[in-house]
Every structure is written in structure tokens, then in C-alpha cells.
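First comes the structure, then the notes that go with it.
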Amino acid sequence: MKAIQYSQYGTPDVLEVVTLDDPVAGPNEVRVRLRAAGVSPIDAKLRSGALQAHFSLTFPKIPGRDGVGVIDQIGEGVAGFSSGDEVCVAADPMRSGTYAEAIVCAPSRVVKKPSNLSTSQAAALLQPGISAWISMCRTARLSKGMSVLIHGGAGAVGSQMIQLARHRGLNVTTTCRAANIDYVLGLGAHRAVAYDRDDFSVLRHFDVVFDLIGGETHARSYQVLKAGGQLVYLTATPFENQAGQYGVTVTRAMIPDDSEALHAVAQLATEGALTPSVMTTLPLADAADAHRQFEAGQITRGRIVLNIEDGS
Ligand SMILES: NC(=O)c1ccc[n+]([C@@H]2O[C@H](COP(=O)([O-])OP(=O)(O)OC[C@H]3O[C@@H](n4cnc5c(N)ncnc54)[C@H](OP(=O)(O)O)[C@@H]3O)[C@@H](O)[C@H]2O)c1
Numbered sequence: 001m002k003a004i005q006y007s008q009y010g011t012p013d014v015l016e017v018v019t020l021d022d023p024v025a026g027p028n029e030v031r032v033r034l035r036a037a038g039v040s041p042i043d044a045k046l047r048s049g050a051l052q053a054h055f056s057l058t059f060p061k062i063p064g065r066d067g068v069g070v071i072d073q074i075g076e077g078v079a080g081f082s083s084g085d086e087v088c089v090a091a092d093p094m095r096s097g098t099y100a101e102a103i104v105c106a107p108s109r110v111v112k113k114p115s116n117l118s119t120s121q122a123a124a125l126l127q128p129g130i131s132a133w134i135s136m137c138r139t140a141r142l143s144k145g146m147s148v149l150i151h152g153g154a155g156a157v158g159s160q161m162i163q164l165a166r167h168r169g170l171n172v173t174t175t176c177r178a179a180n181i182d183y184v185l186g187l188g189a190h191r192a193v194a195y196d197r198d199d200f201s202v203l204r205h206f207d208v209v210f211d212l213i214g215g216e217t218h219a220r221s222y223q224v225l226k227a228g229g230q231l232v233y234l235t236a237t238p239f240e241n242q243a244g245q246y247g248v249t250v251t252r253a254m255i256p257d258d259s260e261a262l263h264a265v266a267q268l269a270t271e272g273a274l275t276p277s278v279m280t281t282l283p284l285a286d287a288a289d290a291h292r293q294f295e296a297g298q299i300t301r302g303r304i305v306l307n308i309e310d311g312s
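Numbering (full-length UniProt numbering), first residue to last: 1 to 312.
Below you can see the structure in the form of C-alpha cells.
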């Protein structure tokens, strides 16, 4: 099979196109013949070595958290899936990823592909979807009618958070660049603040802030919460915890790949409540370019998706 892999941490130049033997499904594993892979921030952060303190990789490493394809081999002991099933994959970051023509993984890491999604959309569903779902349905204590501020609403996670928040009956404000205001309003946000033009920190009385940005954005988010409010963050950047000063709680959303989250996200997509955003598609061989675009801050309005099945 064709795949992208790297044998050392470094710039996107370490990503190489290689030809490997097809992996074989062992007991309690399925093999998925992949059609497309989503390019997530964690793929680039793992490749650069920025997450070495959290994940110790075995080289060579095939990157890729998100993928979509068709099951073509079922290992002994697997129930609930058949050869020919179209599935979305959430790959283990420590093992071989989805930038390849095939992947072998545990059945708990696959869910049936929502039939209403295109191949590219399905490749962009799970990693941002479970991040949004776990943050909003497990970490934050939300109830209908609450007012939430979602930073980074034009990103892959933020766009799914906006849709999920509307689905849960919340009042949604989001931040994005000025050029994306109409886009995030179209996703369902009630109000959008342009981070490159206006100051969100003059707003007040939010029940919950979801921070996907960190840094200055995090520091200025305490004052917009009401007393007793919640700041939920998904970033790894260090920050000064001002919770005591403002009488709020600060909680990191921990995002495990559990089967309940994968199924909840796939179900919401099937119902039409969640539609993942795709910025553009590239051939698998252009994975290094995709990572360069991410690192240059050019990713907006969803994921880059790598096309695998066209043989490029
Ligand atoms: N396990 C975890 O903890 C976990 C899970 C998922 C995500 N994350 C993290 O969450 C972050 C977002 O992930 P993602 O996949 O959604 O990334 P993404 O698709 O690359 O989106 C990033 C978005 O950030 C927005 N942005 C940049 N600067 C901003 C600012 N000052 N204010 C508001 N928005 C700003 C950009 O908006 P514009 O396009 O409008 O400029 C861009 O769309 C990443 O840092 C990721 O690593 C962590």
C-alpha cells in the first residue's frame, strides 16, 4: 500500500511517500481500506515533536487521526461489523494512522459512516466531533437557554461546537476572523465577534466559555463569565489560572477516544445535527503541503482532507 510516514521529528519535510506491505487484521481487529484522511492539528504537532512529553512515538510513524473507508478484513472475535461496511476511523495517535491506503485497528475505533455525509465530510467528522461532544456533553455543565462563548468557531472543532450548542438549545456567541463572520452565523451562531477587529472581552455574563485558542484569548476570557461560570479549555498552552479572582471554574476537557463518544457523534451527523466542515481536499502525496498550510495558519473553515482512493 501507499502511505505517508516519518522516521524522525521535524518540519513537514520529514513526511515521505512510501510503499509498504498491507497490514493484516489480527484477532479483535478490523482492516479498513481507506478512501480519505482528515488532517488534524495533532497530526502536525506529533510530527514536529511538540507533544513528546505526552506521546512517545515509535518510528517510522504513519500520521493521521481521522479517516474513512471500507472494511475489507475482519479478525477473529470481531462482532458487529462485516466486510464491505463503510466506516469512519479514529486512529490511536500512538499507532499507525490514516495517511495510508489501509489501517488495522480495534473495532472500538470505527463507527458506521453516516450515509448522508460525503467521503470528505466523513473524513473530517470524528476527531473534531468527539472533541466538541466531550467538551459540551461531559466536561461542561450545560442546560437549555445558557449563554456560551465559543472561541475559534471557524475551526473544525469550533464549527461542530456551534452546531452542537444550537442543537442543545444554547445561546451561542463565537469568535473568528472578520472574513468568517457570515460563515459562522451560517453554522448557527447567534452572534459573532471578529478577533482581528473587535474586542470580545467587553462582553459579559456568559455561563460557559469554550477556549480552543489559549494565550491572550484565554487570559481575557475570565472577565466575560458570570460568577459561577465555567471556562472549559482544550489547549496545551500554559496559562495563569484566574478562577479564584473571578469566582469561576476552569476545566480542561480531556478527550479519550471512547466508543460512546464516537457513536454519539456519528448519530448526530446521521440526524443532520452535525455536519463537519471541509476547507479543501488534496491528494495523499501532498500531506507535507497540508502540514505546511496548517503551520502557516492558513487553515480556516474546517479540515484539509487527503484523498486516498484516486491513487494519487
Ligand atoms: N485533545 C485535545 O485537547 C484537543 C482536541 C481537539 C482540539 N484541540 C485543540 O483545539 C484547537 C482547535 O482545534 P481545531 O481542530 O478546531 O483547529 P483548526 O481547525 O485549525 O481551527 C483553528 C481556528 O482557530 C481560529 N483562531 C485563530 N486565532 C484565533 C483567535 N485569536 N480568536 C478566535 N479564533 C482564532 C481560526 O479562525 P479563523 O479561521 O476565523 O481565523 C481557525 O479557524 C487546536 O489548538 C487543537 O490542538 C485539542
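Beta carbons: idealized from backbone N, C-alpha and C, even for Gly.
Give the range of the alpha helix (DSSP H) segment to which P41 is assigned.
41 to 48 is the span of the alpha helix (DSSP H), which, as asked, contains P41.
Are the region 117 to 134 and the region 166 to 182 in contact at 8 Å, needing three or more beta carbon pairs?
As far as the Cβ criterion goes, the region 117 to 134 does not touch the region 166 to 182, which means the pair count is below three.
Complete runs of the beta strand (DSSP E) confined to the region 187 to 262 [at least 3 residues]:
Correct list: 191 to 194, 206 to 211, 225 to 233, 249 to 252.
DSSP has R33 in a bridge; who is on the other side?
According to DSSP, R33 bridges with V70, A102.
Ordered list of alpha helix (DSSP H) runs contained in the region 94 to 156, each at least 4 residues:
DSSP runs (the alpha helix (DSSP H)) wholly in the region 94 to 156: 119 to 123, 126 to 134.
Closest Cα partner of I162 within the set Q242, G97, A132:
Checking every option, the nearest Cα to that of I162 belongs to A132.
Does the count of Cβ pairs from the region 216 to 225 and the region 238 to 247 closer than 8 Å reach three?
Yes, the region 216 to 225 is in contact with the region 238 to 247.
Quick check on the DSSP output: the alpha helix (DSSP H) that includes E295 runs from which residue to which?
Looking at the DSSP string, the run of the alpha helix (DSSP H) that includes E295 is 287 to 295.
Below 7 Å, is the gap between the Cβ of V157 and the nearest heavy atom of ligand 1?
Checking the 7 Å criterion, the Cβ of V157 is within range of a heavy atom belonging to ligand 1.
Sort out for me which residues DSSP pairs I308 with in a bridge.
Residue pairing by DSSP leaves I308 without any beta bridge partner.
Which residues does DSSP list as the beta-bridge partners of A3?
Residue pairing by DSSP places A3 opposite V18, A100 in a beta bridge.
Within the present structure, is the beta-carbon of G152 separated from the nearest heavy atom of ligand 1 by less than 7 Å?
Relative to ligand 1, G152 has its C-beta within less than 7 Å of a heavy atom.
Does the count of Cβ pairs from the region 221 to 232 and the region 98 to 110 closer than 8 Å reach three?
No, the region 221 to 232 is not in contact with the region 98 to 110.
At a cut of 8 Å, does the region 66 to 78 reach the region 24 to 37 through at least three beta carbon pairs?
In this structure the region 66 to 78 lies against the region 24 to 37, because at least three pairs of beta carbons, one per stretch, are closer than 8 Å.
For Y233, which of Q245, S83, L212, T249 has the nearest alpha-carbon?
Of the candidates Q245, S83, L212, T249, the one whose C-alpha sits nearest the C-alpha of Y233 is L212.
Inter-residue Cα distance where the pair is S135 and G84
A straight line joining the alpha-carbon of S135 with that of G84 spans about 33 Å.
Taking Cβ positions, are N307 and P276 nearer each other than 8 Å?
P276 sits away from N307, with the two beta carbons spaced by 8 Å or more.
Those residues which DSSP pairs with L282 across a bridge
Per DSSP, L306.
Counting only C-beta atoms, is K144 closer than 8 Å to chain B at any point?
You won't find chain B in this structure, because it holds only one protein chain.
So what does DSSP say about T174, is it helix, strand or coil?
Residue state for T174 is assigned as strand, using DSSP reduced to three classes.
Using only alpha-carbon positions, find the residue among S143, D72, A91 that is nearest to S82.
Residue D72 is the option with its Cα nearest to S82.
Buried versus exposed, by CB contacts within 10 Å (16 or more), S312
Note that S312 has pLDDT 43, beneath the 50 cutoff, so the model's placement of it is unreliable and the number below is only indicative. Around the beta carbon of S312, fewer than 16 other beta carbons lie within 10 angstroms, which makes this residue exposed.
I'd like to confirm the pairing. Which residues does DSSP put opposite E86 in its beta bridges?
DSSP lists V70 as partners of E86.
Below 8 Å on the Cβ atoms is my contact criterion, and I expect A44 with V68 to pass it. Report the Cβ-Cβ distance as a whole number of Å.
Their Cβ separation, rounded to whole angstroms, is 20 Å, which puts A44 and V68 out of contact at 8 Å.
Between Y6 and S48, which are expected to be in contact by the criterion C-beta below 8 Å, what is the C-beta distance as a whole number of angstroms?
The distance from the Cβ of Y6 to that of S48 is about 10 Å, inconsistent with a contact at the 8 Å cut-off.
Give the secondary structure of G38 by DSSP, where H, G and I count as helix, E and B as strand, and everything else as coil.
Three-state DSSP puts G38 in a strand.
Using CA atoms only, rank isn't needed, just tell me which of A106, G229, Q267 is closest to K112.
The shortest Cα separation from K112 among A106, G229, Q267 belongs to Q267.
Of the choices L34, P93, F200, whose alpha-carbon is the least far from that of I255?
The residue with the shortest Cα to Cα distance from I255 is P93.
What is the rounded straight-line gap between the Cα of C137 and the Cα of A264?
When rounded, the distance between both Cα atoms is 10 Å.
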